[in-house]
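Please read the structure below before turning to the comments.
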DNA sequence: GTATTTACCGAAAACGTTTTCGGTGATTTA
DNA sequence: TAAATCACCGAAAACGTTTTCGGTAAATAC
């Protein structure tokens, strides 16, 4: 079945393709009568403009690209959902790709999106990415790019991030406020900025509460897995430091640690309080339910798209407003792995 | 910066656009010398063919559409990942959309994808979808469509599904084999086929093991939420039926029920054994860890794409092989919410 | 030495849309 | 009545690619 085109409509009506096109777009130099005829015939034949032709002519695809390190991940899935919803509202569709935390695939996928002529790109850097030229290059080329969550300060573009430092500060302070004296920190892998920021937030909360920072209370992880948290708990249990609180880099680490410490006979939260990070679904159903920091992924996705959308519009009009960095506020969610506030 | 096109390459080299195009595609009627010149200049200038022009000319977008009821969902996220990976391998990109279990948006999004001229569509029906014309129409139009997970028998197209009936049979049999005498079933909402199939699997496992089916051992849910499972547990606890095993429609329901039953003083698995369905991540960290049925989402996504890919290829060649229905095998994952096998 | 094949290239149409730039005839204005 | 305005429409170029169909020169065949 041959597709129905403007040409066909024009032929049937005995007018030119140009007139048909303009009629559908309500150009002023087309009579109301012709407009009506074209519109109703288009309706009747269920005419759909060919998007390739439109894109070719208008130089825009109405598609954006989205790269996430992982898709099967509560936080990122929420972001993706937010992006898709916000995009759809503006008539944009989203091509999603995942780097799998690999620099090479991240680079390759960026190119795939560019090859498809997406109107803009939303990207969260992989943990392994230490060279940013692949992103810098496309920014330089004028492609609208917005970074979200895993960002780099070296990249000159708009960004949406969690205020990790403040969030970590709040979490740590919450432990202190609920009676913890010696708070440990299970930190993430060294590289990403989030690790550093949460660590700094932890440190400054200690400082502000007159607790001396003690390096041996900081435990490092590489994998961010449940098993990792589970393993690290051994060290915390055996430590001589009288640890009575843990601020973990993620809920998963916290959960792993909590399970192991419980197995080892410690009571949570009385012997040791634990707070995670992200408010993933699982935190509601651990025993005890895990206190955590809510990291609003959906909102982040929406904001990221809106930033990108603005840039896309501005590019069309050839204006250039300054880059923006949005910090999404977080909130401590107290549950039963920490003691109640006094 | 103006994009670099075939025309530009041709001009620089003093040849025609046609020759340039053919050189890049290794046409036999172009001399090796010209091919080399064109290729190296293209390389040097970083020439990227304009995808709109290609799509317009070739009538294919190398993009497929994917509609899922939910994105923030372990099972679907895995499927999406599988689809994206498999697609990328064949040079396809994926536009993902979520219906949010709404028939109206499902319908609308199908249209959005069609308007973008995707080469094919992968769709999992929303729970609320009871009219299938919107899908049937595009199948009739010749658009390659493959249904996955939430399917309808009324739709004539290829499908990829979990063998729900067998999976439920296995899960129920597993409870019986580990000593349960009176196995309850928390079933899903009435409509979707999965609910029915799992229920039938449950029933026939009972029958094959000479246990009489008892309607009052079947509990219905609407929401599939943790809270739903939690609430239903009340009824199970208060029941006079001496229930000693539960096969729940999903892990979440199972977890909710398990938590509530534990609160009510029952010991899992000794007083009551529980098995869930899906092997979501959370099952590893409940206490006790939840026995479940593994539902391989990733594999399902891969298979679904491959089916779709085949149809797309066949459509190009104008051949028409019969529709295929793939059933993905599942596996019982024994953990500690059920008793050990004797 | 003519006829035929071979090797290589290009003109042009096509995909379907959008928009510019005139160009009609009809109506107003001076 | 001539000149200016108006309302309406269409031809054609453009977006960048692909492919068909010749066409020309050189190489081979007879």
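Residue numbers (this note's numbering), protein chains in the order written: chain Y, 1 to 342; chain P, 1001 to 1342.
Yeah, the Cβ is synthetic: ideal placement off N, Cα and C, and Gly gets one too.
As the structure is a prediction and not an experimental result, all values here were calculated from the model.
Taking CB atoms only, residue 1308 of chain P has no neighbour in chain Y less than 8 Å away.
Taking 8 Å as the cut-off, the beta carbon of residue 245 of chain Y is found no closer than this to the beta carbon of residue 186 of chain Y. Listed along chain P are 1050, 1051 and 1052, each with a C-beta nearer than 8 Å to that of residue 117 of chain Y. Listed along chain P are 1072, each with a C-beta nearer than 8 Å to that of residue 74 of chain Y. Between residue 304 of chain Y and residue 160 of chain Y, the CB-CB gap stays under 8 Å. Classified as buried, residue 1192 of chain P has 16 or more neighbouring CB atoms from the shown chains inside 10 Å of its CB.
The Cβ-Cβ distance between residue 1308 of chain P and residue 1326 of chain P does not fall below 8 Å. Residues of the same chain with a CB within less than 8 Å of the CB of residue 1095 of chain P, apart from the 5 flanking positions on each side, are 1063, 1064, 1065, 1066, 1113, 1116 and 1118 in chain order. Taken through DSSP and simplified to helix, strand or coil, residue 1319 of chain P comes out as coil.
If you ignore the 5 residues before and after residue 175 of chain Y, its C-beta comes within less than 7 Å of the C-beta of 183, 245, 247, 273, 275 and 338, all in its own chain and listed in chain order. DSSP places residue 1229 of chain P in the helix class (H, G or I) of the three-state scheme. Taking residue 1342 of chain P as reference, the option from P:1177, P:1164 and P:1140 with the minimal CA-CA separation is P:1177. Remark: C-beta atoms of residue 1046 of chain P and residue 1035 of chain P do not approach each other more closely than 8 Å.
Beta-bridge annotation (DSSP): residue 188 of chain Y is not paired with any residue. The beta carbon of residue 207 of chain Y sits closer than 8 Å to the beta carbons of 213 from its chain, once the five residues preceding and following it are set aside; these are given in chain order.
Interface criterion met: the Cβ of residue 1055 of chain P is under 8 Å from a Cβ in chain Y. Three or more beta-carbon pairs separated by less than 8 Å are not found between the stretch 1083-1091 of chain P and the stretch 146-166 of chain Y, which leaves the two stretches without contact. With a cut-off of 8 Å on Cβ pairs, the stretch 286-306 of chain Y is not in contact with the stretch 126-144 of chain Y, counting fewer than three such pairs. Secondary structure note for residue 224 of chain Y: it is in no alpha helix (DSSP H), with a DSSP letter that is neither H nor E. No Cβ of chain Y is located within less than 8 Å of the beta carbon of residue 1047 of chain P. In the DSSP annotation of this structure, the continuous segment of the alpha helix (DSSP H) that includes residue 1177 of chain P starts and ends at 1164-1177.
For residue 131 of chain Y, not one C-beta of chain P is nearer than 8 Å to its own C-beta.
Within the same chain, Cβ atoms closer than 6 Å to the Cβ of residue 323 of chain Y are found at 157 and 158, the five residues on either side in sequence being excluded. Nearest to residue 1314 of chain P by C-alpha distance, out of P:1145, P:1130, P:1075 and P:1015, is P:1145.
Within chain Y, the residues 71 have their CB atoms less than 7 Å from the CB of residue 1080 of chain P, given in chain order. Annotation: residue 16 of chain Y to residue 104 of chain Y spans about 51 Å, alpha carbon to alpha carbon. When rounded, the separation of the alpha-carbon atoms in residue 1154 of chain P and residue 1194 of chain P is 15 Å. In terms of Cα proximity to residue 74 of chain Y, the closest of Y:298, Y:209, Y:219 and Y:38 is Y:298.
Under a criterion of Cβ atoms nearer than 7 Å, the residues of chain P adjacent to residue 287 of chain Y are, in order, 1287. Closer than 8 Å to the CB of residue 284 of chain Y there is at least one CB belonging to chain P. In the same chain as residue 239 of chain Y, and ignoring 5 residues on each side of it, no C-beta atom comes closer than 6 Å to its own. Within the stretch 179-209 of chain Y, no residue places its CB atom closer than 7 Å to a CB of chain P.
For residue 1098 of chain P, the residues of chain Y that pass the 7 Å Cβ criterion are 81 and 84, in the order they occur in the chain. Below the 8 Å Cβ cutoff, chain Y contributes 284 and 285 as neighbours of residue 1226 of chain P, in chain order. Within the same chain, Cβ atoms closer than 8 Å to the Cβ of residue 1251 of chain P are found at 1276, 1277, 1278, 1279, 1280, 1282, 1283, 1290 and 1292, the five residues on either side in sequence being excluded.
Nearest in C-alpha terms to residue 215 of chain Y, of all of Y:241, Y:224, Y:330 and Y:231, is Y:241.
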